[in-house]
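In what follows, a structure is listed as structure tokens, so that the remarks can point back to it.
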Amino acid sequence: CLSLMGRGWISGFQCGRPQPVRIVGGQEAEEGQWPWQVSLHFWTGKWTHICGGSLINHEWVRAGHIWGSDGKGRKQVHLSIFTQALVKQIIIHPQYEETKVDSSADIALLQLTTPVPYSHTILPICLLNQDVQLPSGARCWVTGWGATVSGGEGPISDILQEVEVPLIDRETCDAFYHLGTDIPISQKRIQEDMICAGFPHGQKDSCQGDSGGPLVCNSNGIWMQAGVVSWGEGCAKPNRPGVYANAPYYAKKPLQWQVRPESTL
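In structure tokens form, the structure reads like this:
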């Protein structure tokens with residue numbers, strides 16, 4: 001079984017604490033501001049950004065569903081302008097259903113072929129303790145290189161984007177996702193292993209290309225990962241907030257995950 005918490009002091013660096021440095025509806029982030037954010041690339045004749053992820057220690061990255069498609073093809077993690085690492089293996093949750101956009105268990109772990117050194121632009125993220133209950137309305141941040149136009153149209157961003165979004169309690173979020181549908185309210189769309197963040201009126205949200213990236217919250221000066229960008233209906237639409245895999249939920253539940261080695265590397 002596997003349980004990677006990704007917190008604490010490591011080699012003189014502390015997770016969740018960037019060195020001083022000064023998305024739809026977001027703004028450009030400064031270099032080193034979110035040092036755990038990584039860009040996951042596929043080889044398609046050139047390295048192409050597919051989705052985001054977050055560094056949790058020297059050789060592991062937490063990501064999401066984009067890695068559940070297959071175990072073929074070269075994959076690489078870009079940690080900074082000058083630091084890249086190939087992927088050794090992908091570990092996905094056995095309960096994730098690739099054919100369901102709103103599947104539970106949308107979380108994966110990627111092992112790098114070689115450990116990466118930490119610096120002011122490369123640091124791991126801490127994991128929010130599952131026992132900590134963040135209140136609805138708490139402000140957190142989501143980052144990524146995804147589409148920056150509402151609805152998910154248009155190209156992805158060349159520059160890391162950041163946007164602040166409030167948490168939404170699970171019951172309210174589930175009610176939002178029943179509006180305008182024929183789905184009975186008794187049929188939950190927002191499961192226990194999901195959390196939501198966004199604005200009822202939309203305008204600010206994660207989007208296509210951000211999937212797998214971190215939703216992070218600050219507590220006493222330490223950034224901790226609360227979620228992994230998972231799914232939504234469109235991007236930044238009214239009554240359709242972003243839905244995230246609950247990262248602490250799965251870190252507390254170690255089990256046998258499905259390993260997909262990158263045999264073509």
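1 is the number of the first residue of the sequence shown in full-length UniProt numbering; add one for each residue after it.
Quick reminder that beta carbons are idealized off the backbone N, C-alpha and C, glycines included.
Computed from a predicted model, the values in this text were never measured in an experiment.
What's the call for residue i, buried or exposed, on a 16-neighbour Cβ count within 10 Å?
i: Val-132; result: exposed
i: residue 271; result: The first residue shown for the chain is 1 and the last is 265, placing residue 271 beyond what the model contains.
i: Val-165; result: buried
i: Gly-180; result: exposed
i: Val-101; result: exposed
i: Arg-240; result: buried
i: Asp-193; result: buried
i: His-201; result: exposed
i: Ile-92; result: buried
i: Arg-22; result: Confidence at Arg-22 is low in this model, with a pLDDT of 37, below 50, so the placement of that residue should be treated as unreliable; the coordinate-derived value is given next. Exposed, since its Cβ has fewer than 16 Cβ neighbours within 10 Å.
i: Gly-232; result: buried
i: Gly-146; result: buried
i: Ile-81; result: exposed
Quick one: Cα of residue i to Cα of residue j, how far?
i: Ser-157; j: Gly-32; result: 17 angstroms
i: Ser-219; j: Ile-90; result: 30 angstroms
i: Thr-83; j: Thr-44; result: 20 angstroms
i: Arg-62; j: Leu-123; result: 13 angstroms
i: Asp-210; j: Ala-175; result: 24 angstroms
i: Pro-184; j: Lys-237; result: 21 angstroms
i: Ile-56; j: Ser-186; result: 37 angstroms
i: Ala-247; j: His-178; result: 24 angstroms
i: Trp-141; j: Ala-105; result: 21 angstroms
i: Gly-53; j: Thr-99; result: 21 angstroms
i: Gln-111; j: Lys-88; result: 5 angstroms
i: Gln-203; j: Ala-138; result: 18 angstroms
i: Thr-121; j: Arg-170; result: 34 angstroms
i: Tyr-96; j: Leu-215; result: 20 angstroms
i: Gly-64; j: Ile-50; result: 11 angstroms
i: Gly-68; j: Pro-18; result: Caution is warranted here: a pLDDT of 44 is assigned to Gly-68, below 50, making its placement in the model unreliable, and no coordinate value can be reported.
i: Gln-130; j: Gln-37; result: 21 angstroms
i: Ala-251; j: Pro-94; result: 14 angstroms
i: Cys-235; j: Phe-199; result: 11 angstroms
i: Gly-221; j: Gln-191; result: 30 angstroms
i: Arg-189; j: Ile-195; result: 11 angstroms
Under 7 angstroms from any heavy atom of the ligand ZN, does the C-beta of residue i make it?
i: Ala-108; result: The model on display carries no ligand, and the ligand ZN is accordingly not part of it.
Tell me the DSSP bridge mates of residue i?
i: Ala-245; result: Met-194, Val-228
i: Leu-110; result: Val-61, Ile-90
i: Ser-80; result: Thr-83
i: Arg-139; result: Pro-166
i: His-49; result: His-41
i: Val-216; result: Trp-141, Gln-225
i: Glu-28; result: Gln-161
i: Ser-119; result: Ile-122
i: Arg-74; result: Bridge partners of Arg-74: none, in fact.
i: Ser-211; result: None; Ser-211 has no bridge partner.
i: Ser-54; result: Gln-37, Arg-62
I believe residue i touches residue j by the beta-carbon criterion, under 8 angstroms. Please report the beta-carbon distance rounded to the nearest angstrom.
i: Trp-34; j: Thr-143; result: 5 angstroms
i: Tyr-249; j: Ala-197; result: At roughly 15 angstroms, the Cβ-Cβ gap does not stay under 8 angstroms, so Tyr-249 and Ala-197 are not in contact.
i: Ala-29; j: Leu-160; result: 5 angstroms
i: Val-228; j: Gly-212; result: 6 angstroms
i: Gly-16; j: Cys-126; result: 4 angstroms
i: residue 268; j: Pro-115; result: This structure leaves residue 268 out entirely; the chain is present only between 1 and 265.
i: His-41; j: Gln-14; result: Contact doesn't hold; Cβ gap of about 28 angstroms is too wide.
i: Cys-217; j: Leu-134; result: 6 angstroms
Check: Going along the chain, which unbroken runs of the beta strand (DSSP E) with 3 or more residues stay wholly within the region 145-208?
Finding: 161-168, 194-197
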